Amino acid sequence: MEKVYDIDYASLDNKSKIEFVHHFSNLAKKSFNELPLRTSWLVQLLFLTRCWNSYSLMDVHNSTPKVLYTAIDLLWKFMDEQADMEELISFQKGFSASLLNVMTGDTCEIEETEQNGQFYKQYFYQWNDFYNIFSDTLCSLFEQVVNKTVNWGAIENMIYADIGDDKIEYFEEVYNNAAGVNSFAERECKTYKSLTFCRVIALCQRDMKEALADNLQVDLYERYKKEYIFSPEQCKKYSELIKSRN
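Numbers 852 to 1097, taken from the working numbering, label the letters of the sequence shown in order.
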């Protein structure tokens, strides 16, 4: 079976593109299930780092949550053996409890311990819901590392729901607002064959190959600070469009 990172996504027909996106987590699982867990974690960290580099430029008219910088930096330190599991567990508990509150209104976990409450007050007192799906995916990576598991569904949701359903339409015309029973299918087809979306998949596949090499040199994190899922120029365009719609 062809590995997910070797599939030439751009050359697939429309039906196969849709199947690739819908079954991304299964494809990734089959491609990485015999490898060390850290390889799958590193793929996700590389992809989320490049997403963060773009997302942090896309809503410049509102404050960027400091907690997301801290979270990504901590995961990189852990992967590079500069932070231990205890630090990760402590951060994950506060991060997860705070996200549950801002995304659902459920305060039970931030009220569970004093540490969780302090974490919320330090990082989440002013939250920007623009980052909800990204933050949820990032939190999933923390949970995977802490529990020593892998969940490719988090990255699939990021690609499918956040990038495919929301971001792409700001860069390319993928939907003409036509009414009818096939409108969703039409949009999905146009989205997944768009040049921007094909590039997103190609970049994710590049991150997979980078993780397979497992070259955690000192400069890998520094190099990925300059990697983007959307170019700075695209991010500026997105930010201006968001401002004009508000």
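Idealized CB from N, CA, C, for every residue including glycine. As the structure is a computational prediction, the values presented were derived from the model and not from experiment.
Annotated three-state conformation of tryptophan 978 is coil, per DSSP.
The Cβ atoms of tyrosine 1075 and arginine 901 lie closer than 8 Å to each other. Around phenylalanine 898, the same chain offers Ile1006, Cys1055 and Asp1058 as residues with beta carbons nearer than 7 Å, after the five sequence neighbours per side are excluded. Straight-line measurement puts the Cα of glutamate 870 at about 14 Å from the Cα of asparagine 1008. For proline 916, the number of other beta carbons within 10 angstroms of its own is at least 16, and it is reported as buried.
When the Cα atoms are used, alanine 861 and serine 905 turn out to be separated by approximately 22 Å. When secondary structure is reduced to three states using DSSP, glutamine 933 falls in the coil class, being assigned neither helix nor strand.
Looking at the backbone, the Cα of threonine 921 and that of alanine 879 are separated by about 27 Å. When C-alpha distances from leucine 863 are compared across Leu1092, Ser1045 and Ala1062, the shortest belongs to Ser1045. Rounded to the nearest whole angstrom, the CA to CA distance from aspartate 1065 to glutamine 895 is 13 Å. Leucine 908 counts as buried, since at least 16 other C-beta atoms from the protein chains shown sit within 10 angstroms of its C-beta. Using a C-beta cut-off of 8 Å, the stretch 1015-1026 makes contact with the stretch 1073-1092, since at least three inter-stretch Cβ pairs fall below that distance.
Uninterrupted alpha helix (DSSP H) stretches at least 4 residues long and entirely within the stretch 870-909 occur at 875-883 and 888-906, given in chain order. Collapsing the DSSP output to three states places glycine 968 in a helix.
The criterion of a C-beta distance shorter than 8 Å is satisfied by tyrosine 1043 and valine 872. Two segments are said to touch when three or more pairs of C-beta atoms, one from each, lie closer than 8 Å; by this definition the stretch 956-974 does not touch the stretch 879-891. Following the DSSP letters along the chain, one finds methionine 1059 inside the alpha helix (DSSP H) bounded by residues 1046-1064.
Take the alpha-carbon of tryptophan 927 and the one of asparagine 913: they are about 26 Å apart. Taking the C-beta atoms as reference points, glutamine 933 is found no nearer than 8 Å to glutamate 994.
Approximately 16 Å separates the beta-carbon atoms of valine 1001 and leucine 939; this is outside 8 Å, ruling out the contact. Using a 10 angstroms sphere on the CB of glutamate 1061, the tally of other CB atoms reaches 16 or more, which defines it as buried. Distance from the Cα of arginine 1038 is smallest, within the candidate group Leu1063, Arg1050, Tyr1011 and Val1051, for Tyr1011. Ranked by how close their Cα comes to the Cα of serine 941, the residues Asp931, Met954, Leu925 and Glu1084 have Leu925 in first place.
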